[in-house]
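Number of protein chains: 2
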Amino acid sequence: MITNPDQKTSTMKKLINKVDEVVLDQLKGMALAHPDLIVNLDPKFIYRADAPVANKVAIISGGGSGHEPMHGGFVGPGMLDGACPGEVFTSPTPDQMYECAKAVNSGAGVLFLVKNYTGDVMNFEMAAELLHADGIAVQCILIDDDVAVKDSLYTAGRRGVGTTVLMEKIVGAAAESGYTLDQCADLARKINTYGRSMGMALTSCTVPAAGKPTFELGDQEIEIGIGIHGEPGMKRVPFLSADEITIVLANEILEDEGYTRTVREWNRSTGAWEEKVLTDAPFNKTEEVIVMVNSMGGTPLSELYSIYRKLDEICKLKGVKIVRNLIGSYITSLEMQGCSITILKTDEEILKFWDSPVNTPALRWGV
Amino acid sequence: MITNPDQKTSTMKKLINKVDEVVLDQLKGMALAHPDLIVNLDPKFIYRADAPVANKVAIISGGGSGHEPMHGGFVGPGMLDGACPGEVFTSPTPDQMYECAKAVNSGAGVLFLVKNYTGDVMNFEMAAELLHADGIAVQCILIDDDVAVKDSLYTAGRRGVGTTVLMEKIVGAAAESGYTLDQCADLARKINTYGRSMGMALTSCTVPAAGKPTFELGDQEIEIGIGIHGEPGMKRVPFLSADEITIVLANEILEDEGYTRTVREWNRSTGAWEEKVLTDAPFNKTEEVIVMVNSMGGTPLSELYSIYRKLDEICKLKGVKIVRNLIGSYITSLEMQGCSITILKTDEEILKFWDSPVNTPALRWGV
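Protein chains in written order, with my numbering: chain C, 1268 to 1634; chain H, 1268 to 1634.
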């Protein structure tokens, strides 16, 4: 037997080959497994094989790899037209978004859904400018839903986390139904102000290129408010039970007061960036919500149901009604153990598009 | 902050409350999350809310908890009518299968799909005898598809692993289409002789009640041929790359020679158990197959795609054609890191029922 020559340290046990080909190998596997998708390897992007879809706004997202199934696993009818994966925990580059947009644009315009990390924001903005110069209608909407921190290692303002998954589903369905670019952007902006998330970690994860855990956690410690790259959270506390963890996460989300920030949005008329003030309103007592209980990657599904049990109880106590749920691994941090909770206020428009058909590798219903 | 009083040792970090209520908490969460299912807590079983379905054979499976989504996540139209979860890695008891069967039997009979572990086999057999005494037509089909070992810690003969997932899908669809009990049993038996699996572990898992890892693996060691309870595999070897691991698992499966064993099957006419000799034929060179690349629980989806990439290459080299695939966490061992591969020969009948609609928490398509 040959030992893996790329196995840099004794702490990294992964199903990988060469550390610098991890993303490439995974994309090749996706291409083989899912003939409905086309995987472009240089630059790297994944898109619907039936794109461009006539008269349909193209929805594109992207970000560092290591969060699978997000985003590549969400490409398909009713969700994303294209996804741009960077290296692990590293922003994709503007040429990826630019080429992806060119491949899927039908002429109805392109909407970028961008998680709030400095690199992602900068690169998506650059791609938007390039596309505008080519005469393609393009819009960028930010996701900044993480109540755990304001400003972090990689972000000014709140980080973009779990609401991304729900936004991609809902806005994807809206685009499929014939929404215009402006309507899709309005809906996405609303979802961002309606959604809030928070996560926690039991263990760290290991980026293949680093070869050692991103951070160290004691045997009896957990990290509350962790980011999806293992970046520091809100606080490090002694080990808690599932119920206690659920209480902490749910309370931070449900008690979150109105969050006001200034975001940059593209103005297609002036061809320039302009500042816009957005505010998340607090949760009302009689809110109807969609919740996601998400594994960070290494936590099994079984444990998520314990979290959901307590979350349902807390919501009922607070008068918040869960009308839909999603429980599983959707926005992960490699093999990190832990979970996150996302709560999204819903309304008739959001619920209709949540329930619409979706047919992607990682989310599939109604088809 | 209160530390978890049930946290027995420093090595167990899980999203749980009391160790003796782990399964209970999870079942309560499932009941809340999935209103299409009914969860009975004493004795424990999960079943379709619309059961019994008139004139339909009822398909029931079960086994120890800790393998989620199997089996509870596979209950719903087009798959299982009911599932009986034991405590973690512990067989359910005959009263669970008996009560579950009573709840879902429409009069068209009950088929038990039983993974080959001594406790499961014994308890399902006892439940079958009780049901027969009540005048209910019942049949048991064994799954013994693990090519890694012949006889193991918990089993005489090969263990029942990944083929179970595919069998539940395919036989579930057949029952939905109106197959009789005998036809369902024949199809299940065929699938068992057509399917083979093998798994491997990068890390151990920890049973909550034990509070420490089931086994110890060195930092540079992996276990090839691991069982789904962490029971010993075929061999322990130095760390391998994803490609090397795929080669080992795929070769053991594809090169496996005809496997002949004697199984016990229920004879409804005589009301007695009788022995039956079954043989798995080797894979032909021009086989069409369904493959599953499965995470043991703690391995993220991204790494499974690297395994699939190599598996596709190996199959092509051997003239075996992959016509369908399933990639994700379907039959797990708590938070164990590692993967398993299942390869199932297919034919027109199997493929038709694979493609039929299914609507369960963990598998959903065509609806």
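We treat Cβ as the ideally placed atom computed from N, Cα and C, and that holds for glycine. The structure presented is a predicted model; accordingly, all values stated were derived computationally and were not measured.
**Message:** Could you check whether the region 1404–1416 of chain H touches the region 1588–1596 of chain H, counting it as contact only if at least three pairs of C-beta atoms, one from each stretch, sit closer than 8 Å?
**Reply:** no
**Message:** Our contact map puts G1439/C next to P1628/C with C-beta atoms below 8 Å; I'd like the distance itself, whole angstroms only.
**Reply:** 14 Å between Cβ atoms; not a contact.
**Asked** Among G1429/C, V1560/C, L1380/C, which residue has its Cα nearest to the Cα of D1579/C?
**Response** V1560/C
**Item:** D1287/H, DSSP secondary structure in three states
**Value:** helix
**Prompt:** Which residue from G1492/H, G1485/H, V1515/H, D1523/H puts its Cα closest to that of P1505/H?
**Reply:** G1485/H
**Message:** Please tell me whether L1521/C and G1333/C are closer than 8 Å, where the distance is taken between their beta carbons.
**Reply:** no
**Item:** N-terminal and C-terminal residue of the beta strand (DSSP E) that D1547/C is part of
**Value:** 1539–1547
**Item:** Among V1625/C, M1467/C, P1302/C, I1512/C, the one whose alpha carbon lies nearest that of I1598/C
**Value:** M1467/C
**Every unbroken beta strand (DSSP E) within the region 1407–1488 of chain H, with a cutoff of 3 residues, ordered by chain** = 1462–1468
**Message:** Please list, in chain order, the chain H residues whose beta carbon lies closer than 9 Å to that of T1470/C.
**Reply:** K1280
**Message:** Nearest by alpha-carbon distance to I1514/C: which of K1577/C, T1473/C, A1395/C is it?
**Reply:** K1577/C
**Item:** Against chain C: residues of the region 1595–1609 of chain H by CB proximity under 7 Å
**Value:** S1596, T1599, L1601, E1602, Q1604, C1606
**Cβ-Cβ separation, L1291/H to L1433/H (assumed contact under 8 Å), whole Å** = No, L1433/H and L1291/H are not in contact; Cβ-Cβ is about 29 Å, not under 8 Å.
**Asked** With C-beta atoms as the reference, is I1403/H less than 8 Å away from N1372/H?
**Response** yes
**Prompt:** Excluding sequence positions up to five away, which residues of its chain have a Cβ less than 6 Å from the Cβ of T1546/H?
**Reply:** G1525, T1527
**Request:** Sort out for me which residues DSSP pairs W1621/H with in a bridge.
**Result:** DSSP lists no partner for W1621/H.
**Asked** Can you list, in chain order, the residues of the region 1541–1571 of chain C whose Cβ is nearer than 7 Å to any Cβ on chain B?
**Response** Protein chains C and H are contained in the structure displayed, whereas chain B is not.
**Request:** List in chain order: all unbroken beta strand (DSSP E) runs of 3+ residues lying wholly within the region 1544–1608 of chain H.
**Result:** 1555–1562, 1588–1595
**C-beta neighbour in chain C for I1520/H, strict 8 Å** = no
**C-alpha distance - N1271/H paired with R1456/H, whole-angstrom precision** = Model confidence at N1271/H stands at a pLDDT of 49, short of 50, so the residue's coordinates are unreliable and nothing is read from them.
**C-beta atoms of S1387/C and G1330/C nearer than 8 Å** = Note that residue 1387/C is Asp in the sequence shown, not Ser. For D1387/C and G1330/C, yes; Cβs fall inside 8 Å.
**Asked** chain C beta carbons: is any one of them nearer than 8 Å to that of Q1363/H?
**Response** no
**Prompt:** Per DSSP, F1312/H is paired with what?
**Reply:** N1307/H
**Request:** Measure from the alpha carbon of F1391/H to the alpha carbon of each residue in S1562/H, A1477/H, Q1363/H, then state which is nearest.
**Result:** Q1363/H
**Prompt:** Should F1506/H be flagged as near chain C, meaning a C-beta pair shorter than 8 Å?
**Reply:** yes
**Asked** Checking contacts by CB at 8 Å: is T1627/C closer than that to chain H?
**Response** no
**Prompt:** Could one say the Cβ of P1480/H lies closer than 8 Å to chain C's Cβ atoms, at least one of them?
**Reply:** no
**Item:** Secondary structure of V1405/C, DSSP reduced to three states
**Value:** strand
**Message:** Which residue marks the beginning of the alpha helix (DSSP H) containing T1357/C, and which one marks its end?
**Reply:** Here T1357/C belongs to no alpha helix (DSSP H), and DSSP marks it neither H nor E.
**Prompt:** How would you list, in chain order, the residues of chain H whose beta-carbon sits under 9 Å from the beta-carbon of W1632/C?
**Reply:** N1626, R1631, W1632, V1634
**Message:** Between G1445/C, Q1293/C, D1411/C, E1443/C, which has its C-alpha nearest G1429/C's C-alpha?
**Reply:** D1411/C
**Item:** CB contact below 8 Å: I1305/H versus chain C
**Value:** no
**Asked** If you compare alpha carbons, which of I1495/H, I1491/H, I1617/H is closest to G1474/H?
**Response** According to the sequence as given, residue 1474/H is Val; it is not Gly. Taking only the C-alpha atoms, the option nearest V1474/H is I1495/H.
**Outcome for S1277/H when other beta-carbon atoms lying within 10 angstroms are tallied against a minimum of 16** = Its pLDDT being 47, under 50, S1277/H is placed unreliably in this model, and the coordinates cannot settle the point.
**Asked** So who's on the other strand from S1328/C, going by DSSP bridges?
**Response** A1350/C, L1380/C
**Request:** Output, in sequence order along the chain, the residues in the region 1573–1596 of chain H whose CB is closer than 7 Å to any CB in chain C.
**Result:** S1573, I1574, Y1575, R1576, D1579, N1592, I1594, S1596
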